[in-house]
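Numbering (my numbering), first residue to last: 2 to 459. Think of the CB as a built atom: it goes at the ideal place given N, C-alpha and C, for glycine as much as any other residue.
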Ligand code: ARG
């Protein structure tokens, strides 16, 4: 480890305590932003040259030095110094060792606008990569839904975890596609919040030097530029927005995970997990455990925790930069990594899932599942729904109490009869074709709409 002085040592006598360093240094986690930090320095230096604050030769030296620094960090040959508090310090320290011109790199810049810039750049690239991973999960669910639709697989739809009405497996899987599509939209909204350039805000108040923040924004590819330097260095709303979007993703993945845990149990027996995506028990040889699905369920807790923790961190912070804001990075990195890993594992698990369509069908084929259809039949004949509900409820009770045959009761009933009896026959019942409904025609339309949306994903 190389030695070195902190950026602020000139004002101090003696060394910082070990405890201060350990608490204060963010290098252990912010070195992950080295590419973004160097990109920011490049753009800033180019702008300094454009406005006449750097000579062309100085700029060339600085750009060359930054390239060396980037390569050293990427290759793992970078010598971190004890004085490297954070990635900004480390990059600048090393660049200055390579060329004395780099001592000018911090002109008109502070770590306060620098760190906000870096975190924004990380957020943008994380969102792009997460959108791809989630897009792949949506595609996988859609493929499985299409397969289920072609095969006519169906299962009981549940409310209160009680069997309610049979629904196509395609309809059920597609529901998760729509949830995840909304998640992608939410992520894009968070992206647009992050897509604002803040370099040029300085420590908090801008600078008297003739810098040009618009030029920097353009070089870094940001869509817009900050309007208020105080806001620029202290705004981490975009981090909270990202953490919220990822919490909602987490909640959705958690629900999907729980569904698969239930389906994989012997009680349901709706799916079998592929060996590559399930685990065994160290003691009970017969077991196959849905660990991925359970972790998808469990990880939501930490995603929500990252969000609420970071909101609490920001609450009550006076303007402008406060060191509390250094707490933005760990939850953000952790939530991005957690969602990425969970979504990738879930995708593999769903791709390889074996659906036990016979078990699903057997569970769905209860004549009682057609109770609502019977009521609708009476409604079509002109009976008010409340009356129809009570007529059918009476028949269901009678059948349950007498261990009787619901079909016979329906066929004998004066308002129902044999035509209504057909509604009790096993099958998905393709009648519920209202918009977005479970009937197979409606589902075919829905899958078509999903295919178009998925096709439009970047
Ligand atoms: N490591 C710091 C952070 O993550 C960088 C900014 C430091 N600014 C300062 N004024 N000490 O927030």
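Would you mind giving the Cβ-Cβ distance between residue 312 and residue 241, rounded to the nearest angstrom? I have them listed as a contact below 8 angstroms. 6 angstroms
Helix, strand or coil for residue 355, going by three-state DSSP, please let me know. strand
According to DSSP, is residue 108 helix, strand or coil? coil
Check whether the Cβ atoms of residue 1 and residue 172 lie closer than 8 angstroms to each other. Given a span of 2 to 459 for the chain in the structure shown, any question on residue 1 remains unanswerable.
Please report the straight-line C-alpha distance between residue 2 and residue 43, rounded to a whole angstrom. Residue placement at residue 2 is poorly supported in this model, since its pLDDT is 44, which falls under 50; the coordinates are not used for a value here.
Residue burial classification, residue 16 (beta-carbon count within 10 angstroms, cutoff 16): exposed
Just how far apart, CA to CA, sit residue 50 and residue 202? 18 angstroms
Can you name the residues that DSSP bridges to residue 290? 280
For residue 90, which three-state DSSP category applies? helix
Among residues of its own chain, excluding the 5 on either side of residue 386, which ones have a beta-carbon nearer than 6 angstroms to its beta-carbon? 380
Taking only heavy atoms of the ligand ARG into account, decide whether any of them is closer than 7 angstroms to the Cβ of residue 116. yes
For residue 299, does the three-state DSSP call read helix, strand or coil? helix
Compute the minimum distance between the beta carbon of residue 326 and the heavy atoms of the ligand ARG, and state whether it is under 7 angstroms. yes
According to DSSP, is residue 206 helix, strand or coil? coil
Nearest candidate by alpha-carbon position, reference residue 48, set 19, 60 and 418: 60
Report yes if the CB atom of residue 177 is closer than 8 angstroms to the CB atom of residue 362, and no otherwise. no
Suppose contacts are defined by Cβ-Cβ distances below 8 angstroms. Is residue 339 in contact with residue 328 by that definition? no
May I have the straight-line CA-CA distance separating residue 446 from residue 179, to the nearest angstrom? 14 angstroms
Shorter than 7 angstroms, the distance from the beta carbon of residue 87 to the closest heavy atom of the ligand ARG, or not? yes
Local Cβ density within 10 Å of residue 298, reported as buried at 16 or more and exposed below that: buried
Shorter than 7 angstroms, the distance from the beta carbon of residue 322 to the closest heavy atom of the ligand ARG, or not? yes
Return the residue from the list 102, 403, 378 and 404 that minimises the CA-CA distance to residue 392. 378
Straight-line CA distance for residue 216 to residue 36? 20 angstroms
For a test of your reading of the model: does the CB of residue 112 fall under 7 angstroms from any non-hydrogen atom of the ligand ARG? Yes or no. yes
So what does residue 155 bridge to, in DSSP terms? 169
Restricting to Cα atoms, I'd like to know which of 33, 102 and 174 is closest to residue 122. 33
Are the segment 213-227 and the segment 85-100 in contact at 8 angstroms, needing three or more beta carbon pairs? no
What does a CB cutoff of less than 8 angstroms around residue 341 pick up in its chain, not counting 5 residues either side in sequence? 130, 131 and 134
Name the DSSP bridge partner or partners of residue 163? 160
By the 10 Å Cβ neighbour count, where 16 or more other Cβ atoms means buried, how is residue 119 classified, buried or exposed? buried
Mind reading off the beta-carbon distance from residue 27 to residue 87? Whole number of angstroms is fine, and I expect it under 8 angstroms. 4 angstroms
Taking the straight line between their C-alpha atoms, what separation do you get for residue 399 and residue 269? 28 angstroms
Between residue 40 and residue 221, is the Cβ-Cβ spacing less than 8 angstroms? yes
DSSP bridge partner residues for residue 225 (one or two, in chain order): 197
At a cut of 8 angstroms, does the segment 182-199 reach the segment 230-246 through at least three beta carbon pairs? yes
Rounding to the nearest angstrom, what Cα-Cα distance links residue 159 and residue 373 in this structure? 14 angstroms
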